[in-house]
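Chains as they are written, first to last, in the working numbering: chain R, 1 to 273; chain D, 1 to 115.
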Amino acid sequence: MLGALVIVFREVIEAGLIIGIVLAATRGVPGRSNWVAAGVVAGALGAGVVALFAEAIADAFEGSGQELLNASVLGAAVVMLMWHTAWMARHGREMAVEMAAVGAAVTAGQRPMTALAVVVGLAVLREGSEVVLFLYGVIAAGTSGSSLFVGGLFGLAAGAAFTALTYYGLLSIPARYIFAVTTVLIALLAAGMAAQAVQYLDNAGVISVLGRRLWDSSGVLPQDGMLGRLLHTLIGYTDRPTELQLLAYLATLAVMAALAWVATPARSPRTAV
Amino acid sequence: MPFAGNVMRAFAAAVVLVAFVLASALALAQDFNLVIRNHKFEPAEIRVPAGKRVSIYVSNEDATPEEFDSTALKVEKVIPGKSKGLVRIGPLDPGRYEFIGEFHADTAKGVVIAE
Chain R
1 MLGALVIVFR EVIEAGLIIG IVLAATRGVP GRSNWVAAGV VAGALGAGVV ALFAEAIADA
61 FEGSGQELLN ASVLGAAVVM LMWHTAWMAR HGREMAVEMA AVGAAVTAGQ RPMTALAVVV
121 GLAVLREGSE VVLFLYGVIA AGTSGSSLFV GGLFGLAAGA AFTALTYYGL LSIPARYIFA
181 VTTVLIALLA AGMAAQAVQY LDNAGVISVL GRRLWDSSGV LPQDGMLGRL LHTLIGYTDR
241 PTELQLLAYL ATLAVMAALA WVATPARSPR TAV
Chain D
1 MPFAGNVMRA FAAAVVLVAF VLASALALAQ DFNLVIRNHK FEPAEIRVPA GKRVSIYVSN
61 EDATPEEFDS TALKVEKVIP GKSKGLVRIG PLDPGRYEFI GEFHADTAKG VVIAE
């Protein structure tokens with residue numbers, strides 16, 4: 001039962017961290033809980049579908065279907081996060097005003113919510129399909145599986161609690177810093193996802209260059225330890241990165257910075273809100 | 001039309017060249033087989049050449065899904081019950097690379113040795 005709890009918890013916290021960050025980043029945006037909830041529900045349904053068709057997906061594209069799906073999902077999430085960052089850079093200050101004027105101008109807050117709801121959905125889809133497959137295996141194994149199933153449910157609950165912890169932890173950051181903090185977190189999140197995506201493309205056999213590993217820090221901070229896992233999701237920590245992964249990571253950070261820079265309207269101090 | 005003819009010939013040569021390169025690349029990539037039975041890997045140890053890309057065909061003979069998982073090999077792949085999955089790894093530095101079946105981590109254990 002403990003094993004099942006741990007497996008499910010591990011998958012759930014990855015999606016949970018992302019949900020926590022999204023919630024913190026959108027504090028004060030009207031209707032955001034509905035968007036996030038919609039993302040979670042759509043992601044969970046998608047996870048079920050992916051799990052249901054796991055075999056067909058695995059067989060697709062000469063056995064690389066699963067890797068290509070993962071790479072696509074991660075790639076789509078990176079694009080959504082980039083879009084959000086560009087949008088925030090452009091409208092961030094207006095949003096701050098909106099937050100002050102409670103309930104005003106809902107529409108302005110909706111565009112980044114679409115992007116972030118998609119990111120939430122994709123995160124739940126990716127991690128959720130593994131949970132569904134695992135629990136399916138447990139149920140299929142028969143009677144002895146019931147305690148494992150309960151363990152899995154506890155894992156799910158613990159993951160949800162962890163999401164809440166992330167959210168309230170981020171909320172304790174003073175309001176005037178929260179945009180800056182979440183912007184940086186989202187950039188690192190995207191960079192980590194990009195690094196994961198290129199590794200999936202490598203596993204799929206699509207890319208076969210720059211596959212040498214750069215270093216091995218698994219002795220100091222193993223990626224499959226608890227802290228390693230958290231950092232893996234949060235900032236894309238990898239204990240044995242390949243050249244291509246580092247390149248994708250840095251390129252994504254550079255694009256994020258450039259988007260934020262380009263999208264920010266010219267500052268005119270007098271007309272500032 | 002000599003020009004078109006030359007283009008055609010160059011194109012044909014390019015096709016042959018690409019086919020040759022692809023064929024030799026495929027020949028270079030070595031294949032290995034692994035079976036999951038009763039939530040265990042057989043064999044539990046695979047020796048692969050270092051510095052090369054290697055394909056491992058994992059056949060899951062159990063009814064339940066398994067996840068081939070290894071941070072050392074940078075692979076995370078679900079293999080549904082009663083089906084096969086292709087795991088691509090490398091190029092690896094010489095050394096030991098452990099992997100597990102994440103859904104049955106207490107029994108499903110194995111190691112890739114690159115040499």
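For glycine and all other residues, C-beta sits at the position ideal for the given N, C-alpha and C.
It should be emphasised that the depicted structure is a prediction, and the values quoted were computed from it without experimental measurement.
Exercise for review: In the DSSP assignment, find the unbroken alpha helix (DSSP H) run with Arg32 (chain R) in it and report its ends.
Suggested key: 32–52
Exercise for review: Between the Cα of Leu92 (chain D) and those of D:Ile100, D:Leu73, D:Ala105, spot the shortest distance and give me the residue it belongs to.
Suggested key: D:Leu73
Exercise for review: Determine whether the Cβ of Gln196 (chain R) lies closer than 7 angstroms to any Cβ atom of chain D.
Suggested key: It does not; no Cβ of chain D falls within 7 angstroms.
Review point. Taking the C-alpha atoms as reference points, what is the distance between Gln199 (chain R) and Ile178 (chain R)?
Key: 31 angstroms
Point to revise | Cβ-based contacts, 8 angstroms cut-off: residues of the stretch 194–218 of chain R near chain D | key: Gln199, Asp202, Asn203, Ala204, Gly205, Ser208, Gly211, Arg212, Arg213, Ser218
Check your understanding: At a cut of 8 angstroms, does the stretch 22–30 of chain R reach the stretch 37–53 of chain D through at least three beta carbon pairs?
Key -> no
Check your understanding: Just curious, the alpha helix (DSSP H) that Gly20 (chain R) is in, first and last residue?
Key -> 2–25
**Study point:** Where the stretch 2–19 of chain R meets chain D: residues whose CB sits under 8 angstroms from a CB there
**Key:** Correct list: Gly3, Ile7.
Review point. Ile178 (chain R) by DSSP, collapsed to three states: which one?
Key: helix
Point to revise | Assigned exposure category for Ser64 (chain R) - 16 Cβ within 10 Å defines buried | key: Buried: at least 16 other Cβ atoms inside 10 Å.
Review point. Distance, Cα to Cα, Val124 (chain R) vs Ala10 (chain D)?
Key: 50 angstroms
**Study point:** Interface flag, Glu55 (chain R) vs chain D, CB-CB below 7 angstroms
**Key:** yes
Review point. Residues in the stretch 152–165 of chain R with C-beta within 9 angstroms of chain D's C-beta atoms, listed in sequence order?
Key: none
Review point. Which stretch, first to last residue, makes up the alpha helix (DSSP H) that contains Ala229 (chain R)?
Key: Before going further, note that residue 229 (chain R) is Arg rather than Ala in the sequence given. That run of the alpha helix (DSSP H) goes 226–235.
Point to revise | Tyr249 (chain R) vs Ala195 (chain R) beta-carbon contact at 7 angstroms | key: In this structure, the beta-carbon distance from Tyr249 (chain R) to Ala195 (chain R) falls below 7 angstroms.
Check your understanding: If you draw a straight line from the C-alpha of Val262 (chain R) to the C-alpha of Ala76 (chain R), how long is it?
Key -> 21 angstroms
Check your understanding: With 7 angstroms set as the bound, which would you pick, yes or no: does the beta-carbon of Leu133 (chain R) sit closer than that to a beta-carbon of chain C?
Key -> This model lacks chain C altogether; the protein chains it does include are R and D.
Check your understanding: Quick one: what does DSSP say Ile113 (chain D) is sitting in, helix, strand or coil?
Key -> strand
**Study point:** Short Cβ contact (7 angstroms threshold) for Thr64 (chain D) with Gly137 (chain R)
**Key:** yes
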